[in-house]
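The structure appears right after this line, and notes come after that.
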C-alpha cells in the first residue's frame with residue numbers, strides 16, 4: 001500500500017518499501033537536486049554526467065551499477081557545497097526501435113517513448129539525484145534539428161563530404177557501419193558477419209583532427225590509462241615515408257607508405273589490395289579472369305579475417321612489374337587479401353626477409369627473399385621466420401653498416417633529393433562514415449540538385465523531420481526506407497528552384513551522443529544547439545561515468561566534435577571530459593548475463609525483494625568501480641540487514657535528544673572513531689574507493705551500536721555525532737534510509753542540503769598503534785608503539801622482545817621493517 005509523504009514510517013523496524021513511497025513523493029516536491037540557475041549563485045560549479053541510456057526496455061543490472069556509482073560522486077559534491085549539474089536524457093534514435101516497429105507494425109516513436117517513460121519511473125524509484133528539468137531525448141525534432149544544423153556547419157567547413165568506395169555492410173541490419181562499429185569482423189550491434197560493399201556515403205573528416213586528438217591526451221590526466229591506450233592505438237600514428245614506385249605500363253607512379261624505408265633494398269615484390277581500384281586498373285588482359293575470380297572470393301572476407309596472421313596467404317599475379325626506386329630492379333606486382341585498400345595508399349612494397357606476412361607470401365609463391373638487415377639470426381628463407389627487429393644494414397648500397405635510425409634518415413634524404421619519396425606521418429584512423437540506410441535517425445539535411453549539386457537545407461527550414469512511416473514500410477531493403485516516401489523526397493532546390501531530391505540516408509546515432517552533454521546546459525535554447533554562455537558556465541564535464549566499451553566510439557567522436565566546436569568559437573575548451581570513470585560489468589556465476597544462458601538477474605525484482613538502498617549498497621560494496629560484480633557472490637540480504645542496524649542507530653539517537661548537542665562533551669573514544677571515519681571516507685570517495693568507504697561506514701555503525709548498548713548510551717552527544725555523520729555518508733549509497741534517519745535526528749527538509757562533516761585534526765592523533773612482529777612468517781609479539789617511530793627504533797625494539805628472542809638462535813638473516821605496523825624477521 002502506498003503512503004503519502006505525511007504518513008509516519010514505523011519506529012519499530014526498517015521498512016524499505018515504505019521509505020521509498022514516502023521519499024519519492026517528498027523529492028518530487030522539493031526538487032533537492034535541481035542545479036542552481038541564478039547568476040548570482042557564487043557556489044563553485046561541478047558538472048557530473050552519466051552516459052545516457054538507450055530506451056530498449058526497463059533498467060537492467062548494468063544501469064543499476066553505473067548510475068549508483070555516478071550518484072555517489074554527485075551526492076558527495078552536493079554535500080561539499082557545490083552547485084551541481086547532474087542531468088538525465090535518452091539516446092533514443094537507433095535500430096532496436098526500428099526493428100520493434102517493423103515487428104509490431106507501428107511507428108518507432110511508439111516503442112521508444114513508452115520505454116523512456118518506463119525507465120524514467122524506474123530512475124525515480126532508484127533515487128538517482130538527477131535534475132529532471134534538463135531532460136532531453138535525441139529523437140525529438142527540437143534536438144535533432146541541431147544535429148542537422150551542426151552537419152551543415154561541418155559541411156561548410158569541408159568536414160562533411162560524400163564519396164564512393166568500399167564500406168562495411170551489415171547484411172542483417174541492411175546498413176553501412178563505421179570501422180569502429182565492426183568488432184572481430186562482425187556488426188557490433190547484431191553480430192552478423194560484415195561484408196565489403198561499394199557505396200557512395202557521407203563522412204566526417206575526423207582525420208583532420210587525428211594529431212590533435214593524440215596531442216590533447218596530455219590534458220586527460222584523470223582518465224584511466226587503459227582507455228587512453230585504446231584511443232592511441234585506434235588513432236594509430238606512425239612515422240615513415242611515402243615512396244614512389246613506377247609501374248610498367250602506367251604513366252603515374254604509385255605511392256607506397258612504409259615505416260621501414262631503410263629496408264627498400266630488400267623489396268622483392270609489390271602487393272596491391274585485391275579490392276583496390278589500382279589492381280583493377282593495372283591487371284593485364286591475360287591475368288584479368290584469374291584476378292576477377294580472386295577478387296570475388298576476397299569480397300566475402302572481413303577485414304579481421306584478411307589480417308589474421310595464421311590465415312594461409314592467397315594472391316594472384318597481375319601481369320605487371322614495378323621498379324624498385326633505389327636499385328632499379330623489376331619486381332612482380334601481385335594482388336593479395338592481406339593488404340587493405342584503405343591502409344596507406346592500398347599498396348605495399350614487400351620485404352619478405354623482415355616481415356612475416358610478406359615472408360609467408362613469398363614462400364607460398366616462390367618469390368625471392370633478400371636479407372638487408374643483419375640481426376644475427378638465421379636466414380629467413382631457410383627458417384621461415386622473418387627478422388623484423390633492428391640491426392646493421394647490409395646489401396643496401398649507401399646504407400650498409402648503418403643502424404635503423406641512421407639508415408631511415410639517410411634513405412629519406414636520398415629519396416627526397418631525387419623526387420622519389422618524402423618523410424610522412426600516417427594514421428590508422430579513417431574518416432567517420434556517418435550515413436545509415438535506416439529510418440529512425442536524423443535525416444541528412446542535403447538536397448541533391450542535378451544543376452547545383454549538393455545543397456544544404458537552409459537553416460530556417462530545419463528541422464527536416466521524418467515522414468510518417470511505420471511497420472513493413474520500414475523493412476530494410478538495402479537502401480533507406482525514406483527513398484520510398486516520394487512526397488518527402490521530391491523537393492525544389494533551395495538555390496535554383498528546380499526539381500531536386502532530398503538525401504535519403506540518416507545519420508549514425510553516435511552523432512546524437514557526440515554533443516548531447518552541451519545541450520544539457522540549456523535544453524530549451526532555441527537560437528542554436530546550446531547557449532555558449534551556459535556551456536562556458538558549466539563546461540567542461542568534471543566527472544563522466546560509463547563503460548569501457550565506449551572507449552573508442554563515443555568518446556573519440558565526442559572529443560572530435562568538441563574540437564570542431566572550439567574552432568568555431570562555440571566552446572572555450574578542447575576536451576569535453578575532465579575525469580573519466582569506467583565501471584565493470586554485472587555478471588552472474590562468472591558469466592555475462594544473457595537470456596540464452598538463463599542466468600539473468602532482474603533489477604526490478606531485486607529492488608522489490610530487498611529495496612533500492614540494499615541493491616545500491618550491494619553494487620557499491622561489491623568491489624572497486626572498475627571491477628566486474630558477480631551477483632552470485634554478493635548478498636543484498638546482508639546489505640539490508642546492515643541498513644536496518646544503521647537505521648536503528650539513527651532512530652535511537654534521534655529519539656534520545658534534539659539537535660544542537662555539544663559534541664565535544666561526548667564520549668572521546670567514539671568521537672575519535674567518528675572523526676577517523678570522516679577523514680578516511682573523504683579521502684576514499686575522492687579516490688574512487690567507494691567500496692572501502694562503505695566498509696568504514698559499517699565500522700562506524702558498529703562503534704555507535706556498541707556505545708548505545710554497552711557504553712554511554714543513545715543520549716550521549718558522541719552517539720548523536722556518530723549518527724548524524726553516518727546519515728550524511730550513508731546518503732551517498734542508501735538515500736532512502738539516510739533521508740529518514742536525518743529526519744529522525746530532527747533535521748530537514750532533505751539531507752541533500754546538509755553539509756559534509758569536517759574531521760577534527762586533534763581527534764585523528766593516535767597515541768599508539770599496534771605493531772605485529774613476525775618470525776619466519778608467524779606472529780610472535782605485538783608491540784604498542786608511537787605512530788611516528790623510526791624504522792631503526794622499531795627494529796631495535798622488536799629484536800629486544802623476549803618473545804621474539806625465544807624464537808631466534810642467533811642473529812637473523814634479514815629484518816624487514818614497515819614502520820609503524822609490521823616487523824618481519826627471517827632467522
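Numbering (the UniProt record's numbering), first residue to last: 1 to 827.
Idealized CB from N, CA, C, for every residue including glycine.
Proximity below 8 Å, CB of residue i to CB of residue j
i, j, result
"residue 577", "residue 544", "yes"
"residue 721", "residue 671", "yes"
"residue 245", "residue 315", "no"
"residue 429", "residue 235", "yes"
"residue 335", "residue 279", "yes"
"residue 723", "residue 650", "yes"
"residue 262", "residue 411", "yes"
"residue 348", "residue 271", "yes"
"residue 78", "residue 14", "no"
"residue 97", "residue 440", "yes"
"residue 775", "residue 807", "yes"
"residue 445", "residue 148", "yes"
"residue 69", "residue 123", "no"
"residue 299", "residue 196", "yes"
Between the CA atoms of residue j and residue i - distance to the nearest angstrom
i, j, result
"residue 17", "residue 611", "6 Å"
"residue 253", "residue 242", "12 Å"
"residue 7", "residue 24", "Confidence is the limiting factor: at residue 7 the pLDDT is only 46, short of 50, which leaves the residue's position unreliable and the question unanswerable from this model."
"residue 824", "residue 789", "16 Å"
"residue 505", "residue 437", "5 Å"
"residue 121", "residue 26", "15 Å"
"residue 667", "residue 711", "9 Å"
"residue 532", "residue 45", "16 Å"
"residue 727", "residue 738", "5 Å"
"residue 339", "residue 306", "8 Å"
"residue 487", "residue 435", "21 Å"
"residue 401", "residue 356", "24 Å"
"residue 638", "residue 67", "21 Å"
"residue 539", "residue 185", "37 Å"
"residue 594", "residue 566", "42 Å"
"residue 617", "residue 782", "35 Å"
"residue 21", "residue 102", "38 Å"
"residue 50", "residue 547", "10 Å"
"residue 397", "residue 370", "14 Å"
"residue 496", "residue 452", "7 Å"
"residue 2", "residue 19", "Low per-residue confidence applies at residue 2: pLDDT is 32, beneath 50, and the placement is therefore not dependable enough to give any value."
"residue 485", "residue 129", "43 Å"
"residue 713", "residue 73", "34 Å"
"residue 227", "residue 816", "37 Å"
"residue 663", "residue 691", "28 Å"
"residue 571", "residue 562", "7 Å"
"residue 512", "residue 695", "40 Å"
Beta-bridge partners of residue i, as assigned by DSSP
i, result
"residue 311", "DSSP, once it has assigned bridges, lists no residue as partnering residue 311."
"residue 240", "424"
"residue 778", "775"
"residue 90", "137"
"residue 50", "545"
"residue 332", "321"
"residue 443", "506"
Cβ separation of residue i and residue j, assumed to be a contact under 8 Å, to the nearest whole Å
i, j, result
"residue 35", "residue 83", "6 Å"
"residue 585", "residue 625", "That pair is no contact at about 12 Å."
"residue 697", "residue 730", "6 Å"
"residue 551", "residue 231", "7 Å"
"residue 204", "residue 154", "6 Å"
Nearest residue (CA-CA) to residue i, options the options
i, options, result
"residue 92", "75, 53, 637", "53"
"residue 493", "457, 777, 102, 600", "457"
"residue 284", "421, 277, 319, 295", "319"
"residue 834", "773, 657, 571, 748", "A query on residue 834 cannot be resolved here, the shown segment of the chain reaching from 1 to 827 and no further."
"residue 448", "465, 499, 473, 109", "499"
"residue 591", "629, 30, 130, 291", "629"
"residue 535", "751, 574, 111", "574"
"residue 643", "701, 399, 680, 669", "701"
"residue 384", "374, 407, 353", "353"
"residue 144", "30, 442, 600, 289", "442"
"residue 467", "141, 133, 65, 795", "141"
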